[in-house]
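**Student:** In UniProt numbering, the protein residues as written are 1 to 694.
From the three backbone atoms N, C-alpha and C, an ideal C-beta is built for every residue, glycine too.
(1) DSSP state of residue 375, grouped into three classes?
(2) In whole angstroms, give me the CA-to-CA distance for residue 87 and residue 245.
(3) Of the residues 256, 201 and 180, which one's Cα is nearest the Cα of residue 599?
(4) Is the beta carbon of residue 515 closer than 8 Å to that of residue 357?
(5) Pick from 231, 137 and 126: whose alpha carbon is nearest that of residue 596?
(6) Just list the residues that DSSP pairs residue 550 with in beta bridges.
(7) Using 8 Å for Cβ pairs, my map puts residue 107 next to residue 83. What's the rounded Cβ distance?
(8) Between residue 508 and residue 295, how many whole angstroms is the CB-CB distance? I'm expecting something under 8 Å.
(9) Considering only the alpha carbon of each residue, which of 309, 287, 521 and 334 lies closest to residue 211?
(10) Less than 8 Å separating the beta-carbons of residue 39 and residue 94?
(11) Ignore the nearest five residues each way along the sequence and tell me which others in residue 329's own chain have a CB closer than 6 Å to its CB.
(12) Would you report the Cα separation of residue 54 and residue 162, rounded to the nearest angstrom?
(13) Sorted by chain position, which residues of the same chain lie with C-beta nearer than 6 Å to residue 90's C-beta, five sequence neighbours on each side aside?
(14) Mind checking residue 226: buried by the 16 CB within 10 Å criterion, or exposed?
(15) Is it buried or exposed for residue 593, if we count other Cβ within 10 angstroms and need 16 for buried?
(16) For residue 222, which residues in the same chain have their Cβ closer than 8 Å to its Cβ, ignoring the five residues on either side in sequence?
(17) Less than 8 Å between the C-beta atoms of residue 251 and residue 205, yes or no?
(18) With 16 as the cutoff for other CB atoms within 10 Å, does residue 271 come out buried or exposed?
(19) How big is the Cα-Cα spacing for residue 588 and residue 374?
(20) By Cβ distance below 6 Å, which residues in the same chain neighbour residue 42 in space, the five residues on each side in sequence not counted?
(21) Note down, one range per segment and in chain order, each beta strand (DSSP E) of at least 3 residues found wholly within the stretch 66-114.
(22) Would you please verify whether the beta carbon of residue 94 is less than 8 Å from any beta carbon of chain C?
(23) Please state the DSSP three-state secondary structure of residue 331.
(24) Taking the beta carbon of residue 546 as the centre, do at least 16 other beta carbons fall within 10 Å, making it buried, or is it exposed?
(25) Tell me whether residue 322 sits in a helix, a strand or coil according to DSSP, three-state version.
(26) Roughly how many angstroms separate the alpha carbons of residue 127 and residue 135, rounded to a whole number?
(27) Can you name, in chain order, every residue of its own chain whose Cβ lies under 6 Å from the Cβ of residue 513, other than the five neighbours on each side?
(28) Could you say if the stretch 280-294 and the stretch 248-268 meet the contact criterion of at least three C-beta pairs nearer than 8 Å?
(29) Let me know if residue 224 comes out buried or exposed under the rule of 16 or more other beta-carbons within 10 Å of its beta-carbon.
(30) Per DSSP, residue 243 forms a beta bridge with which residues?
(31) Within 10 Å of its beta-carbon, does residue 183 have 16 or more other beta-carbons around it, so buried, or fewer, so exposed?
(32) Between residue 576 and residue 322, which are expected to be in contact by the criterion C-beta below 8 Å, what is the C-beta distance as a whole number of angstroms?
(33) Using CA atoms only, rank isn't needed, just tell me which of 590, 602, 92 and 604 is closest to residue 345.
(34) Can you tell me the Cα-Cα spacing of residue 256 and residue 119, whole angstroms?
(35) Quick one: residues in its chain with C-beta nearer than 7 Å to the C-beta of residue 131, no 5 flanking neighbours on either side, listed in chain order?
(36) Note down the Cα distance separating residue 481 from residue 116, rounded to an integer number of angstroms.
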């Protein structure tokens with residue numbers, strides 16, 4: 001019997017091996033263009049088989065030029081008949097709808113057969129290739145004559161045309177969509193959906209380019225008693241902070257208010273506009289040997305967004321990691337009386353208590369300009385501890401410490417923070433690509449996790465999580481130094497999904513003078529958790545994270561993150577801030593008519609008799625079908641951290657372990673230097689979303 005079972009196992013292994021071999025030898029991916037007859041009445045999709053909005057892209061016809069003359073002829077004929085056209089590739093890798101011509105009567109020009117190397121000049125190291133040449137073929141043809149492309153994307157199915165198209169795409173598309181002339185608009189957040197799945201509408205959007213136009217927009221809205229909200233170029237905040245009240249409001253976009261207005265190197269002061277992104281701020285500062293000491297990790301955020309939501313990085317040194325605490329002066333435009341022209345610009349600076357209300361504003365005002373205090377440009381050393389955060393992977397009983405420190409800019413050596421957490425999936429899928437050429441329809445992490453969810457495969461999530469973290473370990477977490485410690489978890493399978501998205505990120509934040517800022521020095525716990533786009537589909541072990549969230553919020557008075565959380569975190573949250581009354585006093589002084597308020601801000605601020613934030617009863621009874629969506633982030637902050645101990649790195653280094661206590665008791669504890677402290681007794685928590693895989 002044992003021999004028979006062994007024989008069956010051998011046969012099964014052989015069959016599996018044969019199956020893998022057959023998959024390796026399968027044909028190239030099919031053409032993304034499908035037509036009913038004679039290359040007419042066509043549809044086109046991307047490499048994953050669905051566009052982010054799930055729409056169907058149609059075209060009247062497709063042509064497949066083989067030589068340049070045929071390509072030119074196709075463009076000429078379409079131009080002559082005023083036909084819309086788009087270029088398509090053999091695999092169509094781009095995820096957005098770059099390949100869709102306008103309307104259903106357009107022309108697709110496929111570069112499938114324009115895929116040749118036309119000339120190679122070895123002495124000058126120049127190659128002439130056609131638009132449809134794939135990266136794989138380009139690399140191979142170059143290698144034949146001992147040449148190479150030094151840098152390239154990781155997907156070698158991309159064509160030259162695709163890679164050049166991506167290079168010149170510019171910034172992400174505007175989150176504001178209007179039907180005609182900037183009227184009848186909708187706005188969404190950076191992930192394409194608000195936590196409650198509602199649609200946010202506005203009657204109109206304006207795009208001021210200079211401060212005078214911003215003031216004019218506020219003035220006109222005040223004169224007509226129009227509700228208004230400030231929007232940004234990417235709209236990163238997850239809750240509905242950008243939604244004006246009702247459908248007839250005004251959106252004021254800071255998309256073009258994105259300049260550095262002045263830099264005083266001697267005083268290390270920078271004056272920037274509301275819409276300046278963190279990335280550009282860092283770059284402009286570096287040009288004059290200045291630096292931002294601490295900042296959030298997402299450099300697509302704007303100054304206005306960071307101040308509106310209290311965004312932060314990780315450190316307890318100096319003024320801490322919150323950008324708004326480095327504001328020296330700011331100018332805000334507020335509604336005013338008719339005698340004042342219906343709008344006025346107020347100047348707030350250090351020493352004025354009203355600045356503490358404006359520094360974390362929840363979008364109930366519009367900032368025009370900000371002066372930020374900078375520091376001399378420096379480098380960071382990975383052997384000291386000013387910049388500390390760590391990622392806990394509970395299912396694997398590991399924690400990754402990042403402890404580094406600033407050193408003078410003239411210190412020898414240069415390296416980049418090449419953190420690969422958003423490149424991980426690329427590397428993981430290269431493994432699959434080696435075995436399955438036609439795997440292109442399954443190249444999304446979300447689809448892999450959907451399969452694990454469908455099968456109820458918690459072990460599969462553990463395996464996937466280990467692949468992710470093993471790649472991070474191999475690449476040294478973007479740096480040349482990493483220190484991984486073992487941790488213990490009671491139910492490791494319930495946490496495997498977290499390891500797919502960097503585990504639990506822990507960051508340090510300091511108490512802020514902002515009325516709605518951090519109340520005390522804190523340690524944030526940032527958990528990224530997956531949820532399908534289908535709101536009715538519960539996740540594996542979703543109840544575990546919901547228990548953490550609910551106990552923190554309702555039992556221990558946890559605080560939200562203003563820019564990330566889902567609805568449940570905001571229920572009664574405003575009562576937990578010591579200076580709420582001072583904030584509301586300034587708000588009412590600046591905007592007595594509530595023109596910058598919305599139903600959402602009225603709810604979270606408890607104003608005007610607004611009903612409490614909509615939290616389904618099921619959530620309060622620990623039902624597992626919650627309002628999670630896409631990827632959710634759970635942020636907890638333990639308050640009262642001993643600041644002096646942390647400054648020399650002792651606290652981070654002495655952290656001995658993190659244990660789940662009995663789930664039935666809803667407990668979580670963390671050990672600092674051998675002393676166990678209940679997180680919930682110290683806790684501050686938030687909930688929101690992470691990246692969106694469509």
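**Tutor:** From the atom records:
(1) Indexing the chain shown from 1 puts residue 375 at position 375. The three-state reading of DSSP puts residue 375 in strand, counting E and B together.
(2) Here the question's residue 87 lines up with position 87 in the chain shown. Here the question's residue 245 lines up with position 245 in the chain shown. Going from the Cα of residue 87 to the Cα of residue 245 covers about 42 Å.
(3) Counting from 1 along the chain shown, the entry for residue 599 is found at position 599. Selected option, being the one with the closest Cα: 201.
(4) Along the chain shown, read from residue 1 onward, the residue named residue 357 stands at position 357. Along the chain shown, read from residue 1 onward, the residue named residue 515 stands at position 515. Yes, the Cβ-Cβ distance between residue 357 and residue 515 is below 8 Å.
(5) For this step, residue 596 is matched to residue 596 along the chain shown. Relative to residue 596, the option among 231, 137 and 126 whose CA is nearest is 231.
(6) Start at 1 with the first residue of the chain shown, and residue 550 comes out as number 550. Paired residues: none, contrary to the question.
(7) Your numbering for residue 107 matches position 107 in the chain shown. Your numbering for residue 83 matches position 83 in the chain shown. About 5 Å; that satisfies the 8 Å criterion.
(8) Against the chain shown, residue 508 aligns to sequence position 508. Against the chain shown, residue 295 aligns to sequence position 295. With 8 Å as the limit, residue 508 and residue 295 do not qualify as a contact, their Cβ atoms being about 13 Å apart.
(9) Along the chain shown, one-based indexing puts residue 211 at 211. Closest in alpha carbon position to residue 211, among 309, 287, 521 and 334, is 334.
(10) Position 39 of the chain shown, counted from the first residue, corresponds to residue 39. Position 94 of the chain shown, counted from the first residue, corresponds to residue 94. No; because the gap between Cβ atoms is not below 8 Å, this pair is not in contact.
(11) The count along the chain shown starts at 1 and reaches residue 329 at position 329. For residue 329, where only same-chain residues beyond five positions count, the Cβ hits under 6 Å are 349 and 371.
(12) Residue numbering aside, residue 54 sits at position 54 when the chain shown is read from its first letter. Residue numbering aside, residue 162 sits at position 162 when the chain shown is read from its first letter. In a straight line, the C-alpha of residue 54 is about 21 Å away from that of residue 162.
(13) Within the chain shown, the letter at position 90 stands for residue 90. Taken in chain order, the residues that qualify are 112.
(14) Translated into the one-based positions of the chain shown, residue 226 becomes position 226. Flag for residue 226 reads buried.
(15) Counting from 1 along the chain shown, the entry for residue 593 is found at position 593. Burial is judged here by how many other beta carbons sit within 10 angstroms of a residue's own beta carbon; residue 593 has fewer than 16 and is exposed.
(16) Start at 1 with the first residue of the chain shown, and residue 222 comes out as number 222. 335, 336, 342, 343, 593 and 595.
(17) Walking along the chain shown from the start, residue 251 turns up at place 251. Walking along the chain shown from the start, residue 205 turns up at place 205. Yes, Cβ-Cβ distance for residue 251 and residue 205 is below 8 Å.
(18) Walking along the chain shown from the start, residue 271 turns up at place 271. The residue is buried, with at least 16 neighbouring Cβ atoms inside 10 Å.
(19) Counting from 1 along the chain shown, the entry for residue 588 is found at position 588. Counting from 1 along the chain shown, the entry for residue 374 is found at position 374. Rounded to the nearest angstrom, the two C-alpha atoms are 32 Å apart.
(20) As a first step, residue 42 must be located in the chain shown, where it is residue number 42. These residues qualify, in order along the chain: 33, 35, 59 and 62.
(21) Counting whole runs of 3 or more residues, the stretch 66-114 contains the beta strand (DSSP E) stretches 85-88 and 107-110.
(22) The structure shown contains no chain C; it holds only a single protein chain.
(23) As a position in the chain shown, residue 331 is number 331, starting the count at 1. Residue 331 sits in a strand when the DSSP states are folded into three classes.
(24) Looking up residue 546 in the chain shown gives position 546. Buried is the call here.
(25) For the purposes of this step, residue 322 is taken as the residue at position 322 of the chain shown. Three-state result, residue 322: strand.
(26) In the chain shown, residue 127 corresponds to position 127, counting from 1. In the chain shown, residue 135 corresponds to position 135, counting from 1. Their backbone Cα atoms lie some 13 Å apart in a straight line.
(27) In the chain shown, counting from the first residue as 1, residue 513 sits at position 513. Result list for residue 513: 356, in chain order.
(28) Here the stretch 280-294 lies against the stretch 248-268, with 3 or more beta-carbon pairs under 8 Å apart.
(29) The count along the chain shown starts at 1 and reaches residue 224 at position 224. Exposed, since its Cβ has fewer than 16 Cβ neighbours within 10 Å.
(30) Residue numbering aside, residue 243 sits at position 243 when the chain shown is read from its first letter. Beta-bridge pairing links residue 243 to no other residue.
(31) For the purposes of this step, residue 183 is taken as the residue at position 183 of the chain shown. The residue is exposed, with fewer than 16 neighbouring Cβ atoms inside 10 Å.
(32) Along the chain shown, one-based indexing puts residue 576 at 576. Along the chain shown, one-based indexing puts residue 322 at 322. Actually they are not in contact, since the Cβ atoms of residue 576 and residue 322 sit about 18 Å apart, beyond 8 Å.
(33) Against the chain shown, residue 345 aligns to sequence position 345. The shortest Cα separation from residue 345 among 590, 602, 92 and 604 belongs to 590.
(34) Start at 1 with the first residue of the chain shown, and residue 256 comes out as number 256. Start at 1 with the first residue of the chain shown, and residue 119 comes out as number 119. Near 43 Å, if we compare the C-alpha coordinates of residue 119 and residue 256.
(35) On the chain shown, residue 131 is found 131 positions in, with the first residue counted as 1. Excluding sequence neighbours, residue 131 sits near 111, 114, 159, 160 and 161.
(36) For the purposes of this step, residue 481 is identified with residue 481 of the chain shown, where counting begins at 1. For the purposes of this step, residue 116 is identified with residue 116 of the chain shown, where counting begins at 1. The predicted model places residue 481 with a pLDDT of 32, which falls under 50 and marks its position as unreliable; any figure quoted below should be read in that light. Cα to Cα, the separation comes out at about 44 Å.
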